[in-house]
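Residue numbers (my numbering): 2 to 116. For glycine and all other residues, C-beta sits at the position ideal for the given N, C-alpha and C. Written out below as structure tokens is the structure these notes cover.
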Amino acid sequence: QVRLVESGGGLVQAGGSLRLSCAASGIIFSINKWGWYRQAPGKQRDLVASITNGDDSPNYADSVNGRVTISKDDVTSTVYLQIDNLKPEDTAVYYCNAVYGIAYWGKGILVTVSS
Numbered sequence: 002q003v004r005l006v007e008s009g010g011g012l013v014q015a016g017g018s019l020r021l022s023c024a025a026s027g028i029i030f031s032i033n034k035w036g037w038y039r040q041a042p043g044k045q046r047d048l049v050a051s052i053t054n055g056d057d058s059p060n061y062a063d064s065v066n067g068r069v070t071i072s073k074d075d076v077t078s079t080v081y082l083q084i085d086n087l088k089p090e091d092t093a094v095y096y097c098n099a100v101y102g103i104a105y106w107g108k109g110i111l112v113t114v115s116s
């Protein structure tokens, strides 16, 4: 079992930056991919960024590429999502995701970007 807890969300002005954190616990050594997804009101949940264990190669959605950085700290078992130059369309609930056979999800954290 894997438990994921997001933090770092909140209200930010457009043009600002935010760093989301995802603290992982449980059987995390088995995780082979970490990711951040987001879901805006009335829309589906979409991938923002992911990172693969082992080679740490990142993958970014086209909509955020160049403004987002995913990273992880294996010592603290924390995955981060840095978002720069925030736009109102980045407003969404952001979810941490971990995959080993099945997908594990955090409860999500709200990011609101004001114009």
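Residues S26, G27 of the same chain have their beta carbon placed closer than 6 Å to that of R4, with the five preceding and five following residues left out of the count.
T77 sits exposed, since fewer than 16 C-beta atoms from the chains shown fall within 10 Å of its C-beta.
In the structure shown, S64 falls within a coil segment according to DSSP collapsed to helix, strand and coil. Apart from sequence neighbours up to five positions away, the residues of its chain that approach N33 with a beta-carbon distance below 8 Å are T53, N54, G55, V100, Y101, ordered along the chain. Looking only at G9, S31, G10, K88, the smallest Cα-Cα distance to V65 is reached by K88. Of V114, S116, T92, S115, the smallest CA-CA separation from Q40 is found for T92.
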